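Here the structure is laid out as structure tokens; the discussion comes afterwards.
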Amino acid sequence: MADAASQVLLGSGLTILSQPLMYVKVLIQVGYEPLPPTIGRNIFGRQVCQLPGLFCYAQHIASIDGKRGLFTGLTPRLCSGVLGTVVHGKVLQHYQESDKVEELGPGNIQKEVSSSFDRVIKETTREMMARSAATLITHPFHVITLRSMVQFIGRESKYCGLSDSIVTIYREEGILGFFAGLIPRLLGDIISLWLCNSLAYLVNTYALDSGVSTMSEMKSYSQAVTGFFASMLTYPFVLVSNLMAVNNCGLAGGCPPYSPVYTSWIDCWCMLQKEGNMSRGNSLFFRKVPFGKTYCCDLRMLI
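Counting in my numbering, the sequence shown runs from 34 upward without gaps.
Structure below.
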């Protein structure tokens, strides 16, 4: 009980601290660029024409809605985080209790000598079930969070309160409206999890020497690196999921001319891939101007 409470408190704190970052990220993902590009330098020190980064974007939001406006959508996101942590923990606890029952019965000796690879598959499968259950339960709050943020574009007030947002979605879209963008989000989570754990297993088994004194630390580092690599590869699923969650929902940010109306998440994926925008919003600091976009930027200053 104490562990669950500490996880909820820690997760809530991180959610509050990261809310402005997510707010900016979501607006960039839907293609909203209120600020013109500026002349800056890339990581190699060369002058380039780049779009404003996280801090300039956040300052723009604060200049309109105040600093408090940077925390728009925080309430449903906190609800999602708390509920997701509880569901995730309950599912894993169920599996742990099942293991204890099996250990009391015959045949436990054969289970103990199972290979490390089998153990990785077993643990990954359980983690996948726990995450999928948490995602399925909390996705309606995720949809409300995204729409609360995106309405900044058209200055609407359609999704302001949690209860009012629930009523609005149910009245206009029915039950399915609460699960807009769910499939690509689930797929992204599952693929990322299996990639991360598989790569970590290969690195820990074949690349690291088991005689190293700091082996446990090295394995934790490899887990973090492979997790970051897996999240980078599956980022398009996150982008497509967020776009489908706000697609054609009655907000300016989810309708033309800001965003086309997609018939399905596969249609959204194909269109983004055709435009070369599969990584839109992935970077919040060194943001290059997308190819084919026209902005009021004096490129002669680069010469």
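Where is the CB? At the ideal position from N, CA and C, for every residue including glycine.
These numbers come from a predicted model, not from an experiment.
Problem - Option in Lys123, Tyr192, Cys82, Ile94 with minimal Cα separation from proline 109 - result: Among Lys123, Tyr192, Cys82, Ile94, the Cα nearest to that of proline 109 belongs to Tyr192.
Handout entry: CA-to-CA distance, phenylalanine 211 to phenylalanine 174, given in whole angstroms
Key = Rounded to whole angstroms, phenylalanine 174 to phenylalanine 211 spans 8 angstroms at the Cα level.
Exercise for the section: Alpha carbon to alpha carbon, how far is proline 69 from isoleucine 224? Give it in angstroms, no decimals. Expected result: One C-alpha to the other measures close to 36 angstroms.
Practice task
May I ask which residues mark the beginning and end of the beta strand (DSSP E) holding cysteine 82?
Solution key: Start and end: 80-84.
Problem - alanine 257, buried or exposed, once every other Cβ within 10 Å from all chains shown has been counted against 16 - result: By the neighbour-count criterion, in which a residue is buried when 16 or more other Cβ atoms sit within 10 angstroms of its Cβ, alanine 257 is exposed.
Exercise for the section: Work out the CA separation of arginine 164 and arginine 218 for me, nearest whole Å. Expected result: Arginine 218 and arginine 164 have their C-alpha atoms spaced approximately 11 angstroms apart.
Problem - Same chain, Cβ closer than 6 angstroms to valine 271, neighbours up to 5 away in sequence not counted - result: For valine 271, where only same-chain residues beyond five positions count, the Cβ hits under 6 angstroms are Gly221.
Exercise for the section: Pull up the distance between the alpha-carbon of leucine 87 and that of isoleucine 208, whole angstroms please. Expected result: Their backbone Cα atoms lie some 35 angstroms apart in a straight line.
Practice task
Could you tell me the distance, in whole angstroms, from the CA atom of cysteine 229 to the CA atom of serine 316?
Solution key: The C-alpha of cysteine 229 lies about 21 angstroms from the C-alpha of serine 316.
Exercise for the section: Kindly indicate which residue of Ser131, Gln52, Phe185 has the alpha-carbon position closest to the one of isoleucine 97. Expected result: Of the listed residues, the one whose Cα sits closest to isoleucine 97 is Phe185.
Practice task
Taking only beta-carbon positions, decide if serine 39 is within less than 8 angstroms of chain C.
Solution key: Here there is only one protein chain, and chain C is not present.
Problem - Beta-carbon separation (whole angstroms), valine 273 vs arginine 180, contact threshold 8 angstroms - result: Incorrect: roughly 16 angstroms between the Cβ atoms, too far for contact.
Problem - Cα-Cα separation between histidine 172 and phenylalanine 150, rounded to whole angstroms - result: Looking at the two C-alpha atoms, the distance is approximately 32 angstroms.
Practice task
My understanding is that tyrosine 291 touches methionine 277, with C-beta atoms under 8 angstroms, so please give their C-beta distance in whole angstroms.
Solution key: The Cβ separation is near 15 angstroms, so there is no contact.
Handout entry: Buried or exposed by the 16-neighbour rule on C-beta atoms within 10 Å, applied to leucine 54
Key = Exposed: under 16 other Cβ atoms inside 10 Å.
Handout entry: Which listed residue (Pro293, Leu195, Val120, Gln129) has its alpha carbon closest to that of glycine 106
Key = Taking only the C-alpha atoms, the option nearest glycine 106 is Leu195.
Problem - Residue span of the alpha helix (DSSP H) that contains glycine 221, given as start and end - result: 215-235 is the extent of the alpha helix (DSSP H) around glycine 221.
Practice task
Can you give me the Cβ contacts of cysteine 282 inside the same chain, cut-off strictly under 7 angstroms, excluding the 5 residues immediately before and after it?
Solution key: If we look at cysteine 282 and ignore the five residues flanking it on each side, its Cβ neighbours are Arg180.
Handout entry: Beta-carbon proximity list for arginine 320, same chain, < 7 angstroms, skipping 5 on both sides
Key = Answer for arginine 320: Gln83, Leu84, Gly86, listed in chain order.
Practice task
Give the single residue among Pro67, Ile61, Cys89 whose Cα lies nearest to the Cα of glycine 73.
Solution key: In terms of Cα proximity to glycine 73, the closest of Pro67, Ile61, Cys89 is Cys89.
Practice task
Return the CA-CA distance between alanine 38 and glycine 122, expressed in angstroms with no decimal places.
Solution key: Spanning the two alpha carbons is a distance of roughly 11 angstroms.
Handout entry: C-alpha gap between methionine 265 and aspartate 36, whole angstroms
Key = If you take the alpha carbons of methionine 265 and aspartate 36, they lie about 30 angstroms apart.
Practice task
Please classify proline 269: is it buried, with 16 or more other beta-carbons within 10 angstroms of its beta-carbon, or exposed?
Solution key: Result: buried.
Practice task
List in chain order: all unbroken beta strand (DSSP E) runs of 3+ residues lying wholly within the segment 42-83.
Solution key: 71-74, all fully within the segment 42-83.
Handout entry: Residue environment, glutamate 160, which counts as buried when at least 16 other CB atoms sit within 10 Å
Key = Buried is the call here.
Practice task
Specify the secondary structure class of arginine 313 as computed by DSSP and reduced to three states.
Solution key: In the structure shown, the three-state DSSP call for arginine 313 is coil.
Exercise for the section: Going by CA-CA distance only, name the one from Val41, Gly64, Leu42 that's closest to cysteine 288. Expected result: Considering only alpha carbons, the answer is Gly64.
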